[in-house]
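The numbering used here puts the first residue of the sequence shown at 389, with every later residue one more than the last. C-beta atoms are modelled at their ideal positions from N, C-alpha and C, and glycine is treated no differently. Scroll down for the structure; my scribbles are underneath it.
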Amino acid sequence: MDKLLYIASSGANQDLLATGVRANNLANAQTTGFKAQLQQARAMPAYGEGLPTRVFSMTESPSNNYGAGALQATGRDLDLAIQGEGWFAVQDKNGNEAYSRDGRFQMNSEGGLVDAHGSPVIGDFGPIVLPVPISNLTISPDGTIFTTPQGAPATVQEEAGRLRFVNPDTKELERGSDGLFRLKNGEDANFDDSVTVASGFLEVSNVNAIDEMMSVIGLQRHYELQVKMMKSAEDLDTRGNSLLRIL
389 MDKLLYIASS GANQDLLATG VRANNLANAQ TTGFKAQLQQ ARAMPAYGEG LPTRVFSMTE
449 SPSNNYGAGA LQATGRDLDL AIQGEGWFAV QDKNGNEAYS RDGRFQMNSE GGLVDAHGSP
509 VIGDFGPIVL PVPISNLTIS PDGTIFTTPQ GAPATVQEEA GRLRFVNPDT KELERGSDGL
569 FRLKNGEDAN FDDSVTVASG FLEVSNVNAI DEMMSVIGLQ RHYELQVKMM KSAEDLDTRG
629 NSLLRIL
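Okay, structure coming up:
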């Protein structure tokens with residue numbers, strides 16, 4: 389009976405973990421720039437005396453769907469969407485470089501360019517600080533920022549910096565608990581001047597809510613099946629013990 393219990397219990401545990409991943413995707417279906425997570429597991433033999441024939445399902449760190457989300461027009465100058473592949477570089481709470489596709493930028497009271505979570509946006513020479521006060525701001529497709537000083541004619545535009553774009557191999561990226569991505573080796577990615585942005589647009593989440601909901605329903609049904617298998621194993625064990633007592 390223990391073989392059946394091994395299969396059913398490890399399967400049920402994997403279903404619960406996979407449901408958590410799918411539920412997190414659903415919760416972020418409206419999060420700008422969010423990349424859906426993909427659950428993954430592999431067969432792992434159990435080691436120990438009398439266990440070589442036992443195999444259970446071992447959950448690994450979720451992978452990510454790096455496909456681009458649709459672009460949504462906002463008309464706001466500081467809303468940016470990367471066109472195709474690439475990432476914005478931001479500074480995390482520890483002062484290290486991290487990467488995001490969330491282009492909801494804004495200026496703080498000191499003129500610093502920050503993302504929606506308050507993380508400084510990194511440019512060619514570190515966190516970008518704009519000369520304030522300004523009356524107008526535009527960002528070109530290559531990430532160059534132009535500003536018009538307050539009181540100056542609208543035709544006057546001064547270059548105030550350039551966004552730092554990177555485009556590392558996605559196999560080298562990992563997602564942190566803060567939702568930002570980093571290189572697995574802990575280093576900073578190289579600047580990539582081929583990355584371009586669209587001003588006045590945001591990239592929506594690449595989560596397909598319908599597919600995720602269907603997956604959750606399927607996982608719930610599969611979990612119920614695993615529980616029934618465990619119950620059946622218990623019933624068979626009880627009947628076997630009863631038969632032995634009779635004999």
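Limits of the beta strand (DSSP E) - the one that residue i falls within
| i | result |
| --- | --- |
| Glu547 | Glu546 to Arg550 |
| Pro537 | Thr532 to Pro537 |
| Ile527 | Ile522 to Ile527 |
| Tyr454 | It is not in any beta strand (DSSP E) - Tyr454 carries neither H nor E in the DSSP assignment. |
| Leu590 | Phe589 to Glu591 |
| Ala477 | Trp475 to Gln479 |
| Ala461 | Leu459 to Ala461 |
| Ala486 | Glu485 to Ser488 |
| Gln471 | Leu468 to Gln471 |
Contact set for residue i: own chain, Cβ-Cβ below 7 Å, skip 5 residues either direction
| i | result |
| --- | --- |
| Gln479 | Glu485, Ser507, Pro508, Ile510 and Pro515 |
| Asn413 | Ala424, Gln425, Val595 and Glu600 |
| Val615 | Ala400 |
| Arg550 | Gly511, Asp512, Gly531, Thr532 and Ile533 |
| Asn578 | Val554 |
Expected contact under 8 Å - CB spacing of residue i and residue j to nearest Å
| i | j | result |
| --- | --- | --- |
| Asn555 | Val583 | 6 Å |
| Phe569 | Glu562 | 7 Å |
| Ile527 | Leu468 | 6 Å |
| Arg492 | Thr420 | 6 Å |
Beta-carbon proximity list for residue i, same chain, < 6 Å, skipping 5 on both sides
| i | result |
| --- | --- |
| Gly463 | Gly588 |
| Asn524 | Thr536 |
| Gly457 | Glu591, Val592, Ser593 and Asn594 |
| Arg410 | Glu600, Ser603 and Val604 |
8 Å CB neighbourhood of residue i in its chain, flanking five on each side removed
| i | result |
| --- | --- |
| Gly499 | Val517, Leu518, Pro519 and Val520 |
| Ala396 | Gln614, Val615, Met617, Met618 and Ala621 |
| Thr407 | Val604, Leu607, Gln608 and Tyr611 |
| Thr558 | Asn452 and Tyr454 |
Those residues which DSSP pairs with residue i across a bridge
| i | result |
| --- | --- |
| Pro508 | Val502 |
| Gln418 | None, per the DSSP bridge assignment. |
Which whole runs of the beta strand (DSSP E) in the region 563-631 are 3 residues long or more, in chain order? Runs of the beta strand (DSSP E) spanning 3 or more residues and lying entirely within the region 563-631 occur at 569-571, 584-587 and 589-591, in chain order.
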